[in-house]
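Participant: Sharing a structure below in structure tokens format, with a few things to ask.
Have a look at this one:
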């Protein structure tokens, strides 16, 4: 007979991770906010896409090379390079997801932003979801 103690019972979504919220926030009780589960995976994706390669001193391989295209020509070749870089960085740096599709759209209302839609599957529970990331392509112009 096996005895299971309450402290040994696994949390239902523990495999997705738990940690500090990004960006850092303080709870009403004065503690640092934490996230877990699917929200933690989504925050990780945002962190990877928001970080340029080489930006983190201790982890220069963390980030997305799409930032190299920031001042590139506004044409379909640049958009395809950005889509490819997003797919590569998420496939390489976020092992909790399987990237299904990455698409990009230039909305007619704002030519300075490229909306990148990422369809992905959480590997541990096969839940499919998506995320739309706004990539500002002419921010400094």
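Residue numbers (the numbering used here): 201 to 341. Backbone N, C-alpha and C fix where the C-beta goes; we use that ideal spot for every residue, glycine too. This one's a predicted model, so the numbers in the text were calculated from it and none came from an experiment.
Taking the alpha-carbon of residue 329 as reference, which of 305, 284, 241 has the nearest alpha-carbon?
Facilitator: 241
Participant: Compute the Euclidean distance between the alpha carbons of residue 247 and residue 278, then round it to the nearest angstrom.
Facilitator: 22 angstroms
Participant: Under three-state DSSP, which class holds residue 312?
Facilitator: coil
Participant: Run the CB neighbour count on residue 335, radius 10 Å, all protein chains shown included, and call it buried at 16 or more, exposed below.
Facilitator: buried
Participant: Thinking just about the alpha-carbon of each residue, which of 265, 291, 268 is nearest to the one in residue 323?
Facilitator: 291
Participant: Measure from the alpha carbon of residue 332 to the alpha carbon of each residue in 250, 273, 265, 293, then state which is nearest.
Facilitator: The option with the nearest alpha carbon to residue 332 is 250.
Participant: In terms of residues, what are the limits of the alpha helix (DSSP H) holding residue 278?
Facilitator: Looking at the DSSP string, the run of the alpha helix (DSSP H) that includes residue 278 is 276-293.
Participant: Nearest to residue 225 by alpha carbon, out of 217, 218, 234?
Facilitator: Of 217, 218, 234, the residue nearest in Cα terms is 234.
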